[in-house]
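Novice: Just so you know, the protein sequences line up as chains W and G, in that order. According to our numbering, the first sequence is numbered sequentially starting from 239. According to our numbering, the second sequence is numbered sequentially starting from 155.
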Amino acid sequence: MPPRSPWQKSRQVECFAVGQAVSPVVQDLQHITSLDMPWSSLKACIAKTTRRYDFPDKRKVDSSHAHKLRDLIVIAGLDEEHLEHTRSDPDFRKNWEIVQAWSEESRYRRHRPDAAEKLLGAIGDRRHGVISWIKLQW
Amino acid sequence: MVSIDIDTGAELVERLEQSKVKVAVALWAYLPEYGDWRMILSSRQFDSLDLRDALGLLHDSLDAAGITPERAPLVMILPMSDPFIRDLRRHFARAKSVEGMRLGGQMFGDRFIEDGYVYRIS
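(1) Do P237 of chain G and G258 of chain G count as a contact pair if the criterion is CB distance below 7 Å?
(2) Can you give the Cα-Cα distance for A259 of chain W and R348 of chain W, rounded to whole angstroms?
(3) Distance check for D274 of chain W and K247 of chain W, CA to CA, integer angstroms please.
(4) Do you know how far the Cα of E342 of chain W is from the Cα of K176 of chain G?
(5) Report the partner residues of Y271 of chain G according to the DSSP bridge assignment.
(6) Determine the direct distance from the alpha carbon of P223 of chain G to that of L284 of chain G, and round the result to whole angstroms.
(7) Under 7 Å, Cβ to Cβ, is there at least one residue of chain W near M230 of chain G?
(8) How big is the Cα-Cα spacing for V179 of chain G and D292 of chain W?
(9) What residues from chain W crowd round G220 of chain G, counting only those whose CB sits closer than 9 Å?
(10) Touching or not, the stretch 237-255 of chain G and the stretch 269-276 of chain G, by the rule of three or more beta carbon pairs under 8 Å?
(11) Since I believe I313 of chain W is in contact with V337 of chain W (beta carbons under 8 Å), could you give me their beta-carbon distance rounded to a whole number of angstroms?
(12) Can you tell me which of W:D329, W:E355, W:H320 puts its alpha carbon nearest to the alpha carbon of K373 of chain W?
(13) Residues of chain W with a CB under 7 Å from the CB of R206 of chain G: which are they?
(14) Count the CB pairs spanning the stretch 192-200 of chain G and the stretch 232-248 of chain G that are closer than 8 Å, and state whether there are at least three.
(15) Check whether chain W comes within 7 Å of Y184 of chain G, counting only Cβ atoms and requiring the distance to be less than that.
(16) Tell me whether M234 of chain G sits in a helix, a strand or coil according to DSSP, three-state version.
(17) Hey, I231 of chain G and F200 of chain G: beta-carbon distance below 7 Å or not?
(18) Taking K356 of chain W as the query, report the chain G residues whose CB atoms sit under 7 Å from its CB, ordered along the chain.
(19) Decide if K298 of chain W is buried, meaning its Cβ has at least 16 other Cβ atoms within 10 Å, or exposed.
(20) Express the C-alpha separation of L242 of chain G and K250 of chain G in angstroms, rounding to a whole number.
(21) Rounded to whole angstroms, what is the Cα-Cα separation between W191 of chain G and L211 of chain G?
(22) Confirm, please, whether the CB-CB distance from S215 of chain G to L185 of chain G is below 7 Å.
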């Protein structure tokens, strides 16, 4: 087996960000980044609503630091679009619920490897995934 | 928690049981790690399915009960082997009736429950 490149080694990081025993599936920098994508992508949508020279509404700024998908959707002004997509795409609805079942803190508990794989699938599914839909709102 | 949440949860459990899903555990729970109320469901039928199929079955039941996505509770399906579910069942499965029972400030399995409203534990 050829020696691993420094890049490969750096990707095989200790899985401190998602708990110590999730699985080798998420013991990868790329996957750790993916886990946070739905939340950070929605925050990007919120940031986009702020124009240059705007004096941001403090309540909106404070609430956008939340980590609940439902709240972030409302703050980003995407609740109607989200509901519509949930109604029209049953696979997206399932993916959304899989992602929503996780939280900022629950990521640190021990999860079974298949649960972590399901989460990554729900986030990254090209046609019905959570990120695919959020990207359309950017 | 508002009363409509309790009614919606009851409707959902009833509809699942009409769909031949024997619900072993159903409760509203406020778990600090999520910071919100979630409807927790556990059933051997869900365990026998892939999570996506279990969610499909859940959505069918929500639709059949007339619970639209905007009214749908935030649901977490936990396997029967989850320590939280096992501990709840160990404590209450033999109780005569748990419907309407409130829980709170207790640790069950590996989860601390801050507040809870029970429909089923069997």
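Note that CB positions come from ideal geometry on N, CA and C, so glycine has one too.
Specialist: Walking through what the data contain:
(1) As a first step, residue 258 of chain G must be located in the second sequence, where it is residue number 104. As a first step, residue 237 of chain G must be located in the second sequence, where it is residue number 83. Against a cut-off of 7 Å, the Cβ pair of P237 of chain G and G258 of chain G comes out as no contact.
(2) Position 21 of the first sequence holds residue 259 of chain W. Position 110 of the first sequence holds residue 348 of chain W. Note that A259 of chain W has pLDDT 47, beneath the 50 cutoff, so the model's placement of it is unreliable and the number below is only indicative. Their Cα atoms are separated by approximately 6 Å.
(3) Mapped onto the first sequence, residue 247 of chain W falls at position 9. Mapped onto the first sequence, residue 274 of chain W falls at position 36. Bear in mind that the predicted position of K247 of chain W carries a pLDDT of just 39, short of 50, making it unreliable; the figure below should be weighed with that in mind. Using only the alpha carbons, I get a separation of about 22 Å.
(4) In the second sequence, counting from the first residue as 1, residue 176 of chain G sits at position 22. In the first sequence, counting from the first residue as 1, residue 342 of chain W sits at position 104. Roughly 31 Å between the two C-alpha positions.
(5) Against the second sequence, residue 271 of chain G aligns to sequence position 117. DSSP, once it has assigned bridges, lists G:W182, G:R256 as partnering Y271 of chain G.
(6) Past the edges of chain G, shown from 155 to 276, lies residue 284 of chain G, and the structure says nothing about it.
(7) As a position in the second sequence, residue 230 of chain G is number 76, starting the count at 1. M230 of chain G counts as touching chain W.
(8) For the purposes of this step, residue 179 of chain G is taken as residue 25 along the second sequence, with counting starting at 1. For the purposes of this step, residue 292 of chain W is taken as residue 54 along the first sequence, with counting starting at 1. So the alpha carbons of these two residues sit roughly 49 Å apart.
(9) Translated into positions along the second sequence, residue 220 of chain G becomes position 66. The contacting residues do not exist; G220 of chain G stays about 14 Å from chain W at best.
(10) yes
(11) On the first sequence, residue 337 of chain W is found 99 positions in, with the first residue counted as 1. On the first sequence, residue 313 of chain W is found 75 positions in, with the first residue counted as 1. So it is not a contact: roughly 17 Å between Cβ atoms.
(12) Walking along the first sequence from the start, residue 373 of chain W turns up at place 135. K373 of chain W has its Cα closest to that of W:H320, out of W:D329, W:E355, W:H320.
(13) As a first step, residue 206 of chain G is located in the second sequence; it is residue number 52 there, counting from the start. In chain order: K332.
(14) yes
(15) If you number the second sequence from 1, residue 184 of chain G lands on position 30. Taking Cβ atoms only, chain W never reaches closer than 7 Å to Y184 of chain G, which makes this a no.
(16) Indexing the second sequence from 1 puts residue 234 of chain G at position 80. Coil.
(17) Locating residue 231 of chain G in the second sequence gives position 77, counting from the first residue. Locating residue 200 of chain G in the second sequence gives position 46, counting from the first residue. Yes, they are a contact pair.
(18) Sequence index remark: in the first sequence, residue 356 of chain W carries index 118 (1-based). Ordered by position in chain G, the residues that pass the 7 Å Cβ test against K356 of chain W are L205.
(19) As a working note, residue 298 of chain W is residue 60 in the first sequence. It is exposed - the Cβ of K298 of chain W has fewer than 16 other Cβ atoms within 10 Å.
(20) Here the question's residue 250 of chain G lines up with position 96 in the second sequence. Here the question's residue 242 of chain G lines up with position 88 in the second sequence. K250 of chain G and L242 of chain G: Cα-Cα distance of roughly 14 Å.
(21) Along the second sequence, one-based indexing puts residue 191 of chain G at 37. Along the second sequence, one-based indexing puts residue 211 of chain G at 57. The alpha-carbon atoms of W191 of chain G and L211 of chain G are separated by roughly 21 Å.
(22) Within the second sequence, numbered from 1, the residue matching residue 185 of chain G stands at position 31. Within the second sequence, numbered from 1, the residue matching residue 215 of chain G stands at position 61. Taking 7 Å as the Cβ cut-off, L185 of chain G and S215 of chain G do not qualify as a contacting pair.
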